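Q:
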Amino acid sequence: MSSLHTPAAAAAAPAAPRRVLPAIVFAQLLGISPWFAVNAVMPDLQAAHAHQGWPAAAVGTLSSSLQLGFIAGTLVFALLAVADRFPARRVFLACAFAAAACTLAAAAMASSYGALLAWRAITGFFLAGIYPVGMKIAAQWFPRGLGAALGWLVGALVVGSAGAHALRALASGGAGLPWQAVFVAVAALCVAAGLAMVWLVPEPARRPEAPAAGLRLSALASIWRDRRVRASAFGYFGHMWELYTVWVLLPAILATRLADSVAVSWWAFAALGAGALGCIAGGQLVARWGSARVAGFQLAASGLCCLAAPWLLQAPLWLFLAWLLLWGVTVAGDSPQFSALTAANAPRDAVGSVLTLTKSIGFAISALSIEVFVRAAAGASLAAVLPWLALGPLLGLLALRPLLGAGPAR
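Right under this line is the structure:
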């Protein structure tokens with residue numbers, strides 16, 4: 001897998017047309033929408049299939065299955081260097097169409113819990129051709145200033161991930177449509193994402209770069225041996241312990257105070273989507289503070305949100321909702337900075353492999369965290385469970401210390 005950017009490539013790259021970044025952001029926003037499709041309609045699924053005895057922790061297992069599928073897809077795409085051997089825009093298109101088809105298949109077979117698990121895992125596999133491949137397309141166009149571009153791109157991914165909650169609110173509220181309408185709408189958005197990428201984003205000019213070498217597992221050693229790579233990677237791992245678990249638990253947290261399921265969906269969309277503000281604002285602050293400090297500040301803030309849960313779950317409604325919005329901003333806002341830090345500090349000949357491996361480990365950690373916390377929340381109060389999420393930010397901050405004294409990231 002070729003590196004995200006190199007000094008030579010940056011010098012040779014032509015200026016990108018002004019429409020390119022908005023077009024990539026738009027395609028990423030639509031393409032990632034299947035991620036939380038099941039989570040958005042989980043109350044409807046549980047009600048429809050109550051007679052089948054679905055497990056109480058089904059939302060966690062279904063979320064983890066998609067995460068594991070995404071890990072498998074990321075590793076396969078990297079091992080085969082798919083986005084290097086074929087035009088990345090075409091790979092994005094094919095995977096968007098495949099993810100849409102899997103989403104429709106999941107809707108058609110949702111009466112079977114096992115089939116739904118399988119289709120969510122396959123959907124996750126193809127989302128690996130949307131999220132990382134979209135990042136590669138952005139890196140081809142923006143080898144300079146990638147940190148700021150990543151802020152917009154990850155912000156789009158956050159809003160796109162939240163989109164299924166908004167679709168569920170629209171379907172259940174004003175339209176009175178069944179939950180299957182959410183899956184159909186998500187599939188349509190995914191198709192639109194693929195078409196937008198090939199129609200609105202031109203093929204980048206070819207630049208001299210090393211031949212595609214696939215995934216180098218030896219790069220795993222640099223994550224441990226290199227002090228700076230280790231700091232950014234382990235900071236990211238702490239971030240991933242918290243991020244997706246918060247997103248999965250958001251509807252359950254909101255349901256403790258909001259009786260209306262439509263209101264729960266709207267506020268889940270707002271709190272999850274608020275992470276885009278953290279991503280974009282963080283990208284703008286990088287030039288002054290540096291990526292490590294931006295990431296460290298947001299890690300600390302989200303960790304405090306975890307620890308404050310026992311009190312704020314019982315706070316006045318306005319303060320409860322403000323807490324969730326702040327948590328949404330800070331829990332996601334450090335994501336692009338960890339990517340930028342790892343890319344900046346990894347060995348030049350192994351940037352792609354290091355990023356792929358750290359991302360895969362991070363998503364494995366998130367799958368484990370989701371399983372642990374969803375099962376814990378089924379048997380204990382959220383006030384007792386949520387503070388333990390702060391372990392991730394705490395360990396992430398400790399790992400990040402070697403980078404916190406550095407200036408702005410390259």
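In this text, residue positions in the sequence shown follow the working numbering: the first is 1, and each later residue adds one.
We put the CB at the ideal spot given by N, CA and C, even for glycine.
The model shown is predicted, which means the values in this text are computed figures rather than measured ones.
1. Between the C-alpha atoms of T103 and G278, what's the straight-line distance to the nearest angstrom?
2. Would you mind giving the Cβ-Cβ distance between S232 and L403, rounded to the nearest angstrom? I have them listed as a contact below 8 Å.
3. Report back the beta-carbon spacing between A96 and I130 to the nearest angstrom; my notes put them in contact at under 8 Å.
4. Considering only C-alpha positions, which residue in the set W318, A105, F363 is nearest to V186?
5. Quick check on this structure: which residue in Q314, L341, G235 has the alpha carbon closest to the alpha carbon of V331?
6. How about L325 and A390: do their beta carbons lie closer than 8 Å?
7. Rounded to the nearest angstrom, what separates G114 and G290 at their Cα positions?
8. Name the residue from G396, P132, S360, H51 whose alpha carbon lies nearest to the alpha carbon of F297.
9. Which residue's Cα is closest to the Cα of A149: A48, L93, K359, P336?
10. Can you give the Cα-Cα distance for R410 and A188, rounded to whole angstroms?
11. Quick check on H49: does DSSP put it in helix, strand or coil?
12. Assuming the contact rule is C-beta atoms closer than 8 Å, G283 and G151 should be a hit. Round their C-beta distance to whole Å, please.
13. Alpha carbon to alpha carbon, what distance is there between L341 and A27?
14. For D260, is the classification buried or exposed, using 16 other Cβ atoms within 10 angstroms of its Cβ as the cut-off for buried?
15. Would I137 pass as a contact of R90 if the rule is Cβ separation under 8 Å?
16. P208 by DSSP, collapsed to three states: which one?
17. Of the choices L79, G275, I253, whose alpha-carbon is the least far from that of A378?
18. Less than 8 Å between the CB atoms is what I'm expecting for A101 and S265, so what's the real figure, rounded?
19. Determine, using beta carbons only, whether L127 and G163 come nearer to each other than 8 Å.
20. If we ignore side chains and look at the alpha-carbon of each, how far apart do W119 and G405 end up?
21. Taking its Cβ as the centre, do 16 or more other Cβ atoms sit within 10 Å of G176, making it buried, or is it exposed?
22. Of the choices S381, R293, C305, S353, whose alpha-carbon is the least far from that of V338?
A: Let's see:
1. 29 Å
2. 6 Å
3. 6 Å
4. A105
5. G235
6. no
7. 46 Å
8. G396
9. P336
10. Only weak support exists for where R410 lies, its pLDDT of 44 falling under 50; the coordinates are left without a value.
11. coil
12. 2 Å
13. 25 Å
14. exposed
15. no
16. Only weak support is given to the placement of P208: the predicted model assigns it a pLDDT of 47, under 50, and the value that follows is read from those uncertain coordinates. Note: P208 maps to coil in three-state DSSP.
17. I253
18. In fact, because the Cβ distance is near 25 Å, the residues do not count as touching under 8 Å.
19. no
20. 45 Å
21. exposed
22. Before going further, note that residue 338 is Phe rather than Val in the sequence given. F338 has its Cα closest to that of R293, out of S381, R293, C305, S353.
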